């Protein structure tokens, strides 16, 4: 059975099929902004469906190789923990932004690409929705 590393945008997409949420996603076509990276040997994948994310990766994000994998893993441990804490506090944080927890096991080597995309998703999320995670949002 394949394990999936869910990112908030995926959960938003799945959850929005059954509910109506007010989340400013712009006018982009979501199918053009789907990023999927799979590591079949580990049976993990990351799928990000977020209008504008693909453009962000291609235009603003630091290029692949700019950060080392260890750096990205350390950042992602912090960011996922912070994000998940916000999910658990819907009265304090906007529940339209923080829908479901991200399943990120810090003991699993997801590889460079998954960590790169997850980190950049948090940078994008911070910029797009004016959220502060203690990471630079100006690139």
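Residue numbers (my numbering): 10 to 148. All C-beta atoms in this analysis are idealised placements derived from N, C-alpha and C, irrespective of residue type, glycine included. Predicted model, so just to flag it, every value in this text is computed and none were measured.
Would you say the beta carbon of residue i comes nearer than 7 Å to a heavy atom of the ligand COA?
i	result
residue 143	Summarising the ligand content, the structure contains no ligands, and the ligand COA is consequently not present.
Taking 8 Å as the threshold (C-beta atoms), are residue j and residue i in contact?
i	j	result
residue 93	residue 110	yes
residue 70	residue 139	no
Just mark residue i as buried or exposed, buried being the case when its beta carbon has 16 or more other beta carbons within 10 Å.
i	result
residue 31	Low confidence applies here, because residue 31 scores a pLDDT of 34, under 50, leaving its location unreliable and the question unanswered by this model.
residue 87	exposed
residue 112	exposed
residue 95	buried
Quick one: Cα of residue i to Cα of residue j, how far?
i	j	result
residue 199	residue 83	The chain is shown only over 10 to 148; residue 199 falls outside these bounds and no answer can be derived.
residue 107	residue 90	12 Å
residue 133	residue 73	16 Å
residue 23	residue 104	Note that residue 23 scores a pLDDT of 32, beneath 50, so its modelled location is shaky; the value from the coordinates is reported in the next line. Taking the straight line from one Cα to the other gives about 15 Å.
residue 142	residue 68	22 Å
residue 57	residue 100	26 Å
Closest to residue i by CA distance: which of the options is it?
i	options	result
residue 77	123, 101 and 133	123
residue 79	68, 116, 135 and 134	116
residue 81	69, 118 and 125	125
residue 59	141, 142, 143 and 127	127
residue 75	121, 99 and 97	121
residue 54	119, 136 and 137	119
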